[in-house]
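Trainee: All residue numbers for the sequence shown refer to this note's numbering, where the first residue is 637 and numbers rise by one.
C-beta: ideal position from N, C-alpha, C; glycine also.
Since the model is a prediction, treat every value here as computed from it, not as a measurement.
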Amino acid sequence: MKEKINALFAGRNGLDMWNYIIVAVDVALIAVSMLTNSYLPLCIAFLLLILFLFRALSRNLAKRQKENRFFTDAAAAIVRQHKLNGMRWKDRKTHVYKKCPACRKVLRVKRRKGPKDIHCPYCNNDFRIIIRIPGELDREEKEARKAEARAKK
Numbered sequence: 637m638k639e640k641i642n643a644l645f646a647g648r649n650g651l652d653m654w655n656y657i658i659v660a661v662d663v664a665l666i667a668v669s670m671l672t673n674s675y676l677p678l679c680i681a682f683l684l685l686i687l688f689l690f691r692a693l694s695r696n697l698a699k700r701q702k703e704n705r706f707f708t709d710a711a712a713a714i715v716r717q718h719k720l721n722g723m724r725w726k727d728r729k730t731h732v733y734k735k736c737p738a739c740r741k742v743l744r745v746k747r748r749k750g751p752k753d754i755h756c757p758y759c760n761n762d763f764r765i766i767i768r769i770p771g772e773l774d775r776e777e778k779e780a781r782k783a784e785a786r787a788k789k
């Protein structure tokens with residue numbers, strides 16, 4: 637029996653990351669269908685099962701690999717953005733994140749008010765940024781507000 641299954645999958649796409657996700661969504665839709673007594677999720681799950689079988693048994697390897705690469709790249713971009721947002725939230729009081737204008741990489745910079753000269757370690761570009769911290773006033777602004785308060789008295 638094992639030889640017959642191996643012969644069936646010889647030269648075919650088989651299982652890849654995209655197919656695993658299709659199966660996971662399929663199982664979730666079947667569970668939703670059972671909980672809600674609705675046929676719509678079950679119909680969608682059936683269509684996804686057909687898509688899964690088509691992709692797994694396809695002999696057009698180049699096209700299936702291209703689809704899988706597109707999916708994995710999109711998923712990696714979403715995960716990367718999620719991690720960056722988590723790091724930004726964790727470091728929000730001590731660091732700021734700025735993009736290099738040349739290579740567009742995100743750089744982590746100490747949060748100190750005023751102009752800063754930055755060197756990008758990826759492309760060796762030097763550029764200047766100005767960090768403005770919301771909620772903090774410049775010394776001159778503080779003195780001006782104190783003077784206004786004294787003048788009102």
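Are the stretch 682-698 and the stretch 643-658 touching by the rule of at least three beta carbon pairs closer than 8 Å?
Mentor: yes
Trainee: Between the stretch 736-744 and the stretch 752-764, do three or more beta carbon pairs fall short of 8 Å?
Mentor: Because the criterion of three Cβ pairs below 8 Å is met, the stretch 736-744 and the stretch 752-764 touch.
Trainee: Going by DSSP, which residues form a beta bridge with residue 744?
Mentor: As a position in the sequence shown, residue 744 is number 108, starting the count at 1. In DSSP, residue 744 forms a bridge with 733.
Trainee: Rounded to the nearest angstrom, what separates residue 706 and residue 730 at their Cα positions?
Mentor: By one-based count along the sequence shown, residue 706 stands at place 70. By one-based count along the sequence shown, residue 730 stands at place 94. Residue 706 and residue 730: Cα-Cα distance of roughly 36 Å.
Trainee: Bridge partners of residue 766, per DSSP?
Mentor: To locate residue 766, count along the sequence shown from 1; it is residue 130. According to DSSP, residue 766 bridges with 751.
Trainee: Count the other CB atoms, across all protein chains shown, that sit within 10 Å of the CB of residue 753; report buried if there are 16 or more and exposed otherwise.
Mentor: If you number the sequence shown from 1, residue 753 lands on position 117. So residue 753 ends up on the exposed side.
Trainee: Taking buried to mean at least 16 other C-beta atoms within 10 Å of its own C-beta, is residue 720 buried or exposed?
Mentor: Indexing the sequence shown from 1 puts residue 720 at position 84. Exposed.
Trainee: Can you give the beta carbon distance from residue 756 to residue 743, rounded, assuming they're within the 8 Å contact cut?
Mentor: Counted from its first residue, the sequence shown places residue 756 at position 120. Counted from its first residue, the sequence shown places residue 743 at position 107. Contact holds; Cβ gap of about 6 Å.
Trainee: Using 7 Å as the threshold, is the C-beta distance between residue 677 and residue 668 below it?
Mentor: On the sequence shown, position 41 is the one that residue 677 refers to. On the sequence shown, position 32 is the one that residue 668 refers to. In this structure, residue 668 lies closer than 7 Å to residue 677 by Cβ.
Trainee: At the level of alpha carbons, what is the spacing between residue 683 and residue 656?
Mentor: On the sequence shown, position 47 is the one that residue 683 refers to. On the sequence shown, position 20 is the one that residue 656 refers to. Rounded to the nearest angstrom, the two C-alpha atoms are 15 Å apart.
Trainee: Using only CA atoms, which one of 748, 698 and 712 lies nearest to residue 648?
Mentor: Counting from one through the sequence shown, the residue named residue 648 turns up at place 12. Ranking 748, 698 and 712 by Cα distance to residue 648 puts 698 first.
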